[in-house]
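Residues in the sequence shown are numbered consecutively from 1342, following this note's numbering.
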Amino acid sequence: MEKKQFRTESQKLLDMMINSIYTHKEIFLRELISNASDALDKLYYKSLTDDTVTLARGDYEIRLDTDRDARTVRISDNGIGMTEEELENNLGTIAKSGSYDFKHDNEQKEEVDIIGQFGVGFYSAFMVADKITVVSRAFGADTAYKWESEGVDGYTIEPCEKETAGTDILLHLREDTEEEKYSEYLDSWKIKNLVKKYSDYIRYPIKMDITTEKLKEGVDPSSDAEDKYESVTETETLNSMVPLWKKRAQDITEEEYAAFYRDKFYDFEAPAKTIHFKSEGTATFDAMLFIPQKAPFNYYTKDYEKGLQLYSSGVLIMEKCADLLPDYFSFVRGLVDSADLSLNISREMLQHDHQLKVIAKAIEKKIKNELAKMLEADREKYEAFWQAFGMQMKFGLYSDYGMHKDVLQDLVMFTSSNEKKLTTLKEYVSHMKEEQKSIYYACGETNDKIEMLPQCETVTSKGYEVLYLTDDIDEFALKMLAKYDEKTFVNVCAEDLDISTEEEKEAVKAENEGAADMLSAMKEALGDSVSAVRFTNTLKNHPVCLTSEGGLSVGMEQVLNRMPSGEENVKAQIVLEINADHAIAAKLKALWEEDKEKLSSYAKILYAQARLIGGMSIENPAELSQLVCDLMI
């Protein structure tokens, strides 16, 4: 029989598909099952207008069979079948899809969902098979035809016998190699797992005869008899057929959601929240999303892989589609199923990412809205969620130059000086005094250490609330946010802390001008450790503190210098501030007149004291110890 050649760059394209396009060889079964489902869809669609189709809805099925001795896998369906011409066009022309043509040639195409869009999935079978035989009889035809090929060399088509309409695809598996064990596709457990993974929600039953060893009836299980077991073959339906996410939310119980989540995403606990919705419009899709109660053990590591499962009409396309979730919502698990999603020839890469972006944007908006509802309706649950995943959302505020602030700014929380409870920025602003101009915050290792900062005492004594920032990312996030509700963020340890009256400002200005030479001498004694020494009237009972000038705070300096950048350490412009109303101020002025050398020692001691108060380490503990001892002798 004369062998025909593939059209459309046959050998080159087929070779590329087999060796390059698909990253997982197991995809072949998903593709062939999807094609069989398409064939059943077409016959069902035909039955809507053609009374000659007598097959009952419940009789449509896909069958899988394996033969270990013959090294074959068979995929059969009782669908529409193919004529000789259709075999020629659909299997002889790579990248031509009968399903795609069918879907777009019928005005009532919305009544039936055809999965296939490109006619290349069939050829993925050549990744595991060295020979493929297709026997098909079109519905209403008297003759069946056999299409056969061993790959790039071409194919043959000839008449054959087949009793009923439908298609049988027989794959002869390649021989095993050191790298690939093709024989695993002959094991029923492997086939079952692949169906469960990729095709569990195909709408037609996928059946397979499974042979197991069972104890013979009436035989004692503890018996030593060698023949107490017998082989029993039973037909199993391998797929569940109806996706949970296709059901109406009101028809699904919380227990069903929780069971699905645990089974699908391998969590021991029920989700903190389930988000189940359908979107129609620019992009039509079903989504079932879950917010876990706790972060996975590797969540804040580089090993964590974000993404949602991506389905097309119930067929798994991608296990984790990272493009569907922004990084700041990477904790969300779940899936998206879209029949309209355009896929390229591999069904693993998206042809038009515009649609994917539309879906991702809708998902982002939905997650934001649902979290806002949780914050409003169930504060306790939201705070538990925040403890688990708040860090990632604060990173989201900082990332991409703050472009996501509109999404996240009303969801972030910080501990407040008011009863040390979590508060949102919106709540903080609602508590602000009428004359208050800024949102105040302070940084430190713990809430207790922050509370002991002299500047915190000054701000809270005026009745102003202070946000306690204890995570490394916190201040960077607020710096990037810059403002909330037109209120600027101010670090209580920064030079721009402006809570004094005009009279107080004038008084301290005169104090600094009058002691300019003394303060300059103290600055010289401290060298590059500080950029200036000055008096302040905002410290109440504390003698000294450190503040920073410019955009880099002391806290930010510490965070940046802990990072393994390989560059020189960054340095904040630190100012040593001395309480003009404290007894230490009078002592310093006296030393300036009487003992300038001792004044230098006092400057170093006060600087070390200010570092300790600010939660920082002392640069030279031995020197400090000697200075204190000298004063004590």
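Here a beta-carbon is modelled for each residue, glycine too, at the ideal position from N, C-alpha and C.
Look at residue i and residue j and say whether their C-beta atoms are less than 7 Å apart.
{"i": "Val1807", "j": "Ala1783", "result": "yes"}
{"i": "Ile1840", "j": "Lys1803", "result": "yes"}
{"i": "Leu1932", "j": "Lys1939", "result": "yes"}
{"i": "Thr1474", "j": "Leu1511", "result": "yes"}
{"i": "Pro1667", "j": "Pro1633", "result": "no"}
{"i": "Gly1956", "j": "Glu1786", "result": "yes"}
{"i": "Leu1405", "j": "Tyr1545", "result": "no"}
{"i": "Gln1750", "j": "Tyr1669", "result": "no"}
{"i": "Ile1543", "j": "Ser1378", "result": "yes"}
{"i": "Tyr1898", "j": "Val1911", "result": "The residue asked about is misnamed: residue 1898 is Glu in this sequence, not Tyr. Result yes, Cβ atoms of Glu1898 and Val1911 sit closer than 7 Å."}
{"i": "Gly1559", "j": "Leu1630", "result": "no"}
{"i": "Leu1867", "j": "Ala1926", "result": "no"}
{"i": "Ile1616", "j": "Leu1579", "result": "no"}
{"i": "Ile1780", "j": "Ser1540", "result": "no"}
{"i": "Phe1369", "j": "Ala1482", "result": "no"}
{"i": "Leu1968", "j": "Ser1941", "result": "no"}
{"i": "Thr1801", "j": "Ser1758", "result": "yes"}
{"i": "Val1573", "j": "Thr1553", "result": "yes"}
{"i": "Glu1646", "j": "Lys1635", "result": "no"}
{"i": "Thr1699", "j": "Ala1628", "result": "According to the sequence as given, residue 1699 is Val; it is not Thr. No, the Cβ-Cβ distance between Val1699 and Ala1628 is not below 7 Å."}
To the nearest angstrom, report how far apart residue i and residue j are at their CA atoms.
{"i": "Tyr1385", "j": "Thr1393", "result": "12 Å"}
{"i": "Lys1569", "j": "Asp1561", "result": "8 Å"}
{"i": "Gln1696", "j": "Asp1681", "result": "9 Å"}
{"i": "Glu1367", "j": "Tyr1640", "result": "29 Å"}
{"i": "Ser1861", "j": "Leu1901", "result": "29 Å"}
{"i": "Leu1965", "j": "Thr1764", "result": "40 Å"}
{"i": "Asn1853", "j": "Arg1875", "result": "6 Å"}
{"i": "Leu1649", "j": "Ala1701", "result": "10 Å"}
{"i": "Leu1389", "j": "Thr1407", "result": "34 Å"}
{"i": "Ala1624", "j": "Ala1703", "result": "9 Å"}
{"i": "Ile1455", "j": "Ser1679", "result": "Unreliable placement is indicated for Ile1455, whose pLDDT of 42 sits below 50; the coordinate value is still reported in the next sentence. Each residue's Cα considered, the two are about 12 Å apart."}
{"i": "Val1825", "j": "Lys1778", "result": "This sequence places Tyr at residue 1825; Val is not what is there. Distance between the alpha carbons of Tyr1825 and Lys1778: 12 Å."}
{"i": "Pro1500", "j": "Met1423", "result": "12 Å"}
{"i": "Asn1710", "j": "Asp1509", "result": "49 Å"}
{"i": "Ala1470", "j": "Glu1372", "result": "14 Å"}
{"i": "Ile1959", "j": "Ala1951", "result": "10 Å"}
{"i": "Pro1584", "j": "Thr1799", "result": "60 Å"}
{"i": "Arg1415", "j": "Val1476", "result": "11 Å"}
{"i": "Leu1838", "j": "Ser1894", "result": "13 Å"}
{"i": "Ala1713", "j": "Leu1766", "result": "13 Å"}
{"i": "Gly1731", "j": "Asn1878", "result": "37 Å"}
{"i": "Cys1834", "j": "His1923", "result": "19 Å"}
{"i": "Ala1436", "j": "Phe1463", "result": "Only weak support is given to the placement of Ala1436: the predicted model assigns it a pLDDT of 46, under 50, and the value that follows is read from those uncertain coordinates. Approximately 10 Å, taken between the alpha carbons."}
{"i": "Asp1410", "j": "Ser1524", "result": "11 Å"}
{"i": "His1693", "j": "Met1659", "result": "Note that His1693 has pLDDT 47, beneath the 50 cutoff, so the model's placement of it is unreliable and no number is given."}
{"i": "Asp1400", "j": "Phe1606", "result": "33 Å"}
{"i": "Tyr1739", "j": "Asn1920", "result": "35 Å"}
{"i": "Glu1489", "j": "Asn1419", "result": "20 Å"}
{"i": "Lys1503", "j": "Ser1417", "result": "12 Å"}
{"i": "Leu1657", "j": "Thr1505", "result": "30 Å"}
{"i": "Glu1610", "j": "Glu1597", "result": "13 Å"}
{"i": "Ser1687", "j": "Gln1914", "result": "A caution first: Ser1687 carries a pLDDT of 43, below 50, which makes its placement in the model too unreliable to give a value."}
Ends of the alpha helix (DSSP H) at residue i?
{"i": "Gly1622", "result": "Careful: Gly1622 lies outside any alpha helix (DSSP H) and carries neither H nor E."}
{"i": "Met1549", "result": "From DSSP, Met1549 is part of no alpha helix (DSSP H) but of the beta strand (DSSP E) over Ile1547 to Leu1556."}
{"i": "Pro1962", "result": "Pro1962 to Met1973"}
{"i": "Tyr1943", "result": "Lys1937 to Ile1954"}
{"i": "Ala1377", "result": "Ile1368 to Ser1388"}
{"i": "Gly1868", "result": "Gly1868 -> no alpha helix (DSSP H), and no H or E assigned at all."}
In terms of DSSP beta bridges, what is residue i paired with?
{"i": "Asn1832", "result": "Tyr1782"}
{"i": "Tyr1809", "result": "Thr1756 and Ala1783"}
{"i": "Leu1651", "result": "Met1659 and Val1677"}
{"i": "Met1629", "result": "His1617 and Leu1676"}
{"i": "Asn1920", "result": "Thr1877"}
{"i": "Cys1886", "result": "Glu1918"}
{"i": "Leu1512", "result": "Val1414 and Ile1473"}
{"i": "Asn1825", "result": "One detail in the question is off: residue 1825 reads as Tyr in this sequence, not Asn. DSSP output for Tyr1825 lists Lys1828 as bridge partner(s)."}
{"i": "Arg1478", "result": "Gly1507"}
Locate the beta strand (DSSP E) running through residue i, then write down its first and last residues.
{"i": "Phe1876", "result": "Ala1873 to Thr1877"}
{"i": "Ser1894", "result": "Unbroken run through Ser1894: none, as it is neither H nor E."}
{"i": "Leu1763", "result": "Leu1763 to Thr1765"}
{"i": "Tyr1598", "result": "It is not in any beta strand (DSSP E) - Tyr1598 instead sits in the alpha helix (DSSP H) that spans Glu1595 to Phe1606."}
{"i": "Tyr1570", "result": "Tyr1570 to Thr1578"}
{"i": "Ile1403", "result": "Ile1403 to Asp1408"}
For residue i, would you say it is in contact with chain E, using Cβ-to-Cβ distances shorter than 7 Å as the test?
{"i": "His1923", "result": "Protein chain content of the structure displayed is limited to a single chain, and chain E is not contained in it."}
Every unbroken alpha helix (DSSP H) within the segment 1481–1508, with a cutoff of 4 residues, ordered by chain
DSSP runs (the alpha helix (DSSP H)) wholly in the segment 1481–1508: none.
Hey, which unbroken runs of the beta strand (DSSP E) at 3 residues or more fall wholly within the segment 1839–1863?
Within the segment 1839–1863, no complete beta strand (DSSP E) run reaches 3 residues.
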